[in-house]
Amino acid sequence: MVWRLRFSRRRFWAAFLVLVLAAGAGIAIATRPGIADTGLVTDPEQGILLPASKEADIQAIEGDPSAPAETTSSADVADPSDTTAPAPVTAALVADSDSNGDLAAPMPDSVLTSPTNTYRAGDSTTLTSVYAGADGQDPATGILIQIDINYSTGAGTTVFTRAPSGSGAITVSSFSGNTLYFITAARQTGTYTLDTHQITMCPIIIPCGS
Amino acid sequence: MNADGVWLKGKWFVVGSVILALGAAAIARGDVDTGINATAPPAPPPTVSFYETTVNHMFLNNQGCRTAQAQPETSVNGVVFLDFGVPRWDDSANVWGQLRAGLPNGKPWPIGAIYSGLQAWSRGYHRCYPSASSKRLTIAWGTSNGFLQASLTSDKLKEGGATFARYVQSYYDWVKCGSACGKSVYTRQFPIAGDDVEEAYSPYASTVAYLTGYDTWSDATHAAPRPLLDYGAAENRSCDTNCRGDWTRANRLQVAWGARHAPCPQIYYSFMSQYQWIPLEQWAHDHGGLMNFYCVMTTIVGYSPSDGWRKLWSDLHAATPVGETDWATHLRRRLTKIVWAIS
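Going down the list, the protein sequences come from chains A and B. Once you know that position 147 of the first sequence is 147 in our numbering, the rest is easy, because the numbers rise by one and skip nothing. Once you know that position 196 of the second sequence is 1196 in our numbering, the rest is easy, because the numbers rise by one and skip nothing.
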């Protein structure tokens, strides 16, 4: 008897809980603006229907358009970490590889293919990197890609300089001052000037470079 | 199509070269539609996104400053992707990080170093935010599925994704933190995650393991991770019977539009719109509903930003079945051009 009474109470409370949850869900759906019966909502910018969950995510990506403008306060004045000058980089030729041991350059294959090596030099203000290899759009043409970044301004430039067609991938062989000496896959030699971004090919009978 | 991993030697070089050669040959033959519908509306002004080449605070601070100065004033927010490379587990340092191969010395940047670099970036954006401006910026901390380490187990990759989610959330929380963090609240910055996902980069199994770790992350105060924009390519094209690796269209759609994800497709060339994202949108249409394209990404090769956005608009418009609302209405007015170290 006691057991049956407890069982009945359990069933009563279980049924009550289900009813409360169902009513709560119904109220939530009915009171949420813009939600259609299908669970779609109208996106305010595009005027199209999107699933309510995706619309919420889109709005999270958007951020709050009503937030006040950014204004600098006294709390923002000091931040020593932002002014840490980088250590100078001694001029050198490097052939970095990634953690798989493959030779690497920070370029997609469509821009730089068959990367060979890199010239790198910098001081506390600027860093110059010249990536050597072949043109991703024409692997039979050698290319040098010079990236200069300026730490003090956040500015940078990328300059692409190509060797004559048919040269094949370029490898930088040495450097002196602002001049890089290189050799191509077709065994031609040449020079590249960092300031002017000019390639000059050397006569086959008088190769250049040390 | 992107900086992460494609430079690698071996079979991926061959795969990349074949894809590029086929694309170039198709364009040269004239059998690829390069047209843009004359009725396409003007494209929105683009922002500039970056394949980052350093985590130096001074550089990133100044890059953030220049972004604040250069960002167009529009009635909608801008979006930038700050791509620090592929996820990497660094066994020697026992930390997760991201690898921009070739810089520096093939070692990944520890994720904590990237996090503090992004703080410097946000301080710079705040420092140079123009007075009387009302623009706002969504900042996507970018990574990719470029050659996820084959040696890692699925559980380890999930750990990597969860670690990324935790750091992206921390970045957002820090941006929204005021005097308690010794700074103003950065009211007009909204950090999220970005992932350059491409089928050619890594198998679906490892890609989804990493993203599952991201998507299922939570902690005591956050029920879900920040949203994620997929700024990749959809190379499988018409692959119902000939898919790349273990990728299917359902897989690609799930990554682009599942969980808290939304796509910001790379539209560098005509075929990337016409034969990659449009077929995927058609597949989405037939299997549960259209995607919403949050933005379009272009780069230094191929389409100009304006033409890239208008090309996707044109192809969505043309793909709309008779009697349906124009699919082009599913493309938002957001546009970015990603470059290397140029601001």
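Backbone N, C-alpha and C fix where the C-beta goes; we use that ideal spot for every residue, glycine too. All values derive from a computational prediction rather than experimental measurement.
Please report the straight-line C-alpha distance between A/S167 and A/T158, rounded to a whole angstrom.
C-alpha separation (whole angstroms): 22 Å.
Return the residue from the list B/G1112, B/S1049 and B/V1185 that minimises the CA-CA distance to B/A1140.
The alpha carbon of B/A1140 has as its nearest neighbour, out of B/G1112, B/S1049 and B/V1185, the alpha carbon of B/S1049.
Spatial neighbours of A/G122 within its chain, please: C-beta separation below 7 Å, excluding the five flanking residues on both sides.
P88, V89 and T128
Are the CB atoms of A/T189 and A/P164 within a distance shorter than 9 Å?
no
Who are B/P1110's beta bridge partners in DSSP?
B/G1097
Rounded to the nearest angstrom, what separates B/R1402 and B/E1159 at their Cα positions?
Examination of residue 1402 of chain B is not possible in this model, given that chain B is present from 1001 through 1343 alone.
Taking only runs that begin and end inside the stretch 106-166 of chain A, name each unbroken beta strand (DSSP E) of 3 or more residues, in chain order.
Qualifying beta strand (DSSP E) stretches, in chain order: 118-122, 126-135, 138-150 and 155-165.
Please classify A/I199 as buried or exposed, where buried requires at least 16 neighbouring CB atoms within 10 angstroms.
buried
List the residues of chain A whose Cβ lies closer than 7 Å to the Cβ of B/T1039, in chain order.
Going along chain A, no residue has its Cβ under 7 Å from B/T1039, so there is no contact; the nearest lies around 18 Å.
Please report how far the alpha carbon of B/D1326 lies from the alpha carbon of A/G47, in whole angstroms.
For B/D1326 and A/G47, the gap between their C-alpha atoms comes out near 11 Å.
Quick one: using the 10 Å Cβ neighbour count with 16 as the cut-off for buried, is A/D57 buried or exposed?
Around the CB of A/D57, 16 or more other CB atoms lie within 10 Å, so the residue is classed as buried.
So what does DSSP say about B/K1176, is it helix, strand or coil?
coil
Could you tell me whether the Cβ of A/I58 comes closer than 9 Å to any Cβ of chain B?
Taking CB atoms only, A/I58 has a neighbour in chain B less than 9 Å away.
Cβ of A/G142 less than 9 Å from any chain B Cβ?
no
From the DSSP output, read off the bridge partner residues of B/W1309.
B/W1309 is not bridged to any residue.
Of the residues B/T1248, B/R1066, B/C1177 and B/V1208, which one's Cα is nearest the Cα of B/K1156?
B/V1208
Considering only the beta carbon of each residue, do A/D76 and B/S1184 sit closer than 9 Å?
yes
What residues from the stretch 1171-1205 of chain B come within 8 Å of chain A, judged by C-beta to C-beta, listed N to C?
G1178, S1179, G1182, K1183, S1184, Y1186, T1187, R1188, Q1189, F1190 and I1192
Once the 5 residues before and after A/L112 are set aside, which same chain residues still bring their CB inside 7 Å of it?
A105, Y131, G133, G136, I143 and I145
How would you list, in chain order, the residues of chain A whose beta-carbon sits under 9 Å from the beta-carbon of B/W1403?
Beyond the ends of chain B as shown, which are 1001 and 1343, falls residue 1403 of chain B; an answer cannot be given.
What would DSSP say about B/G1124, mapped onto helix, strand or coil?
helix
Starting from the N-terminal side, write out each stretch of the alpha helix (DSSP H) that is 4 residues or longer and does not extend beyond the stretch 1272-1317 of chain B.
1278-1286
Across the stretch 1291-1298 of chain B and the stretch 1259-1269 of chain B, are there enough close Cβ pairs to call them in contact, namely three or more that are closer than 8 Å?
Flag = yes, the stretch 1291-1298 of chain B and the stretch 1259-1269 of chain B touch.
Tell me, please, whether the CB atom of A/Y119 is closer than 9 Å to any CB atom in chain B?
no
What are the start and end residues of the alpha helix (DSSP H) that includes B/G1064?
H1057 to A1070
Suppose the cutoff is 6 Å on Cβ atoms and the five residues either side in sequence are ignored; what does the same chain contact list for A/G209 look like?
S173, S174, Y181 and T189
Which parts of the stretch 1135-1175 of chain B are runs of the beta strand (DSSP E), unbroken and 3 residues or longer, counting only runs that do not cross its ends?
1137-1144
Sort B/Y1214, B/L1137, B/V1339 and B/A1205 by Cα distance to B/Q1071 and report the nearest one.
B/L1137
If you measure beta-carbon to beta-carbon, which residues of the stretch 1127-1143 of chain B are closer than 7 Å to chain A?
R1127, Y1129, S1133, S1134, R1136 and T1138
Which chain B residues sit within Cβ distance under 8 Å of A/A92?
Per Cβ cutoff of 8 Å: no residues; A/A92 is ~11 Å from chain B at best.
Any idea what DSSP makes of B/A1200, helix, strand or coil?
Here B/A1200 carries a coil assignment [DSSP, helix/strand/coil].
For chain A, is any of its Cβ atoms less than 9 Å away from the one on B/R1382?
Chain B is shown only over 1001 to 1343; residue 1382 of chain B falls outside these bounds and no answer can be derived.
Tell me whether B/V1208 sits in a helix, a strand or coil according to DSSP, three-state version.
Secondary structure of B/V1208 (DSSP, three-state): helix.
Helix, strand or coil, according to DSSP, for A/G168 in the structure here?
coil
Taking a cut of 7 Å between CB atoms, which residues from the stretch 164-184 of chain A lie near chain B?
none
On the three-state DSSP scale, how would you describe A/I58?
helix
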